[in-house]
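Visitor: Mind looking over this structure? Questions follow.
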Amino acid sequence: MIVIVVVVLVVAQGDGNESTTPASSKTATDTTSREKTQEPRGERADLVGFRLDDRSEAGITNIWVAWTIKNSSSEQSDYSWDWEAVDAGGTRLTNGSQLETDVQPGQSARGEYPTTLKSVKGVKLNITSFNRTASY
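Start counting the sequence shown at 100; every next residue gets the next number (the working numbering).
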């Protein structure tokens, strides 16, 4: 029952529809570190880093998404967001949902998740929704 209430609250908060810039090389490039042209506002600003991390070697593809959350609120918080990776033509290559829970006020949390991407070249990460809720 509690899970249903939390899901309803998360969905009711709406979408952030924020975008990030593409990773431009095989190195771990931070794609949301406060873009010069557009500062994230509100709770979305707590996602201080979201990037593709290409760990491929010896001909084996191994690309992850990695993130850093910093809780700027005054209460313990849970974060959930949806993302997509698109190519230069706008075709979705993969997408996912991420969750970071029980982040204390002022605390940072880092996470990572594997993807099915074959390359980072020309790939752009888009945040399609972002929500922060109080932890209980």
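Here a beta-carbon is modelled for each residue, glycine too, at the ideal position from N, C-alpha and C.
Remember, it's a predicted structure, so these values are computed and weren't measured experimentally.
Quick one: grab the DSSP three-state call for Ala-157.
Guide: Ala-157 falls in the coil class under three-state DSSP.
Visitor: Following a CB-centred definition, is Ala-208 positioned closer than 6 angstroms to any heavy atom of the ligand MN?
Guide: Ligands in the displayed structure: none, and consequently the ligand MN is not present.
Visitor: Nearest CA to the CA of Tyr-235: which residue from Gly-221, Thr-200, Ala-208, Thr-215?
Guide: Minimum Cα distance to Tyr-235 is reached at Thr-200.
Visitor: Consult DSSP for Gly-188 and reduce its assignment to one of helix, strand or coil.
Guide: Note: Gly-188 maps to coil in three-state DSSP.
Visitor: Give a yes or no on whether the C-beta atoms belonging to Leu-151 and Ile-168 are separated by under 7 angstroms.
Guide: No, Cβ-Cβ distance for Leu-151 and Ile-168 is not below 7 angstroms.
Visitor: Just to check my reading of the structure: Ser-176 and Ala-233 have Cβ atoms closer than 8 angstroms, yes? What is that Cβ distance to the nearest angstrom?
Guide: Right, their Cβ atoms sit about 6 angstroms apart.
Visitor: Check this for me: beta carbons of Trp-163 and Ile-226, under 7 angstroms apart or not?
Guide: No, they are not a contact pair.
Visitor: Looking only at its chain, what residues have a beta carbon closer than 6 angstroms to the beta carbon of Ser-196, apart from the 5 residues adjacent to it on each side?
Guide: Cβ within range, chain order: Asp-181.
Visitor: The beta strand (DSSP E) spanning Leu-43 covers which residue range?
Guide: Here the chain covers residues 100 to 235 and nothing more, so residue 43 does not appear.
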